[in-house]
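Structure first, commentary second.
Numbering (my numbering), first residue to last: 68 to 138.
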């Protein structure tokens, strides 16, 4: 943890490892939701299945948004 993070204190930020998010997303999202004071929803694990994501994925530059996250 860097000096700025130490000065802010653990209640001011939540560290999210992208590798951990990709490898095992549910516990990472549960932790993040708890930090934000939001309810976890299993739908968060299936973002690629939403209509809005499917619409974005129709353009070549956004095609990967229709897939689960990866490293």
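Using N, Cα and C, we set each Cβ at its ideal position, and we do this for glycine too.
Note that this is a predicted model, so its numbers are computed, not measured.
Could you round the C-beta distance between residue 86 and residue 99 to whole angstroms and report it? I think they count as a contact, below 8 angstroms.
The beta-carbon separation of residue 86 and residue 99, rounded to 15 angstroms, does not stay under the 8 angstroms limit for a contact.
Beta-carbon contacts of residue 136 that lie in its chain and below 6 angstroms, excluding the five residues immediately before and after:
89
Given a cut-off of 7 angstroms on the beta-carbon distance, is the pair residue 102 and residue 81 in contact?
yes
Compute the Euclidean distance between the alpha carbons of residue 76 and residue 95, then round it to the nearest angstrom.
Between residue 76 and residue 95, the C-alpha separation is close to 20 angstroms.
Please report the distance separating the alpha-carbon of residue 78 from that of residue 113.
28 angstroms
What residue does the alpha helix (DSSP H) around residue 102 start on, and which one ends it?
92 to 103
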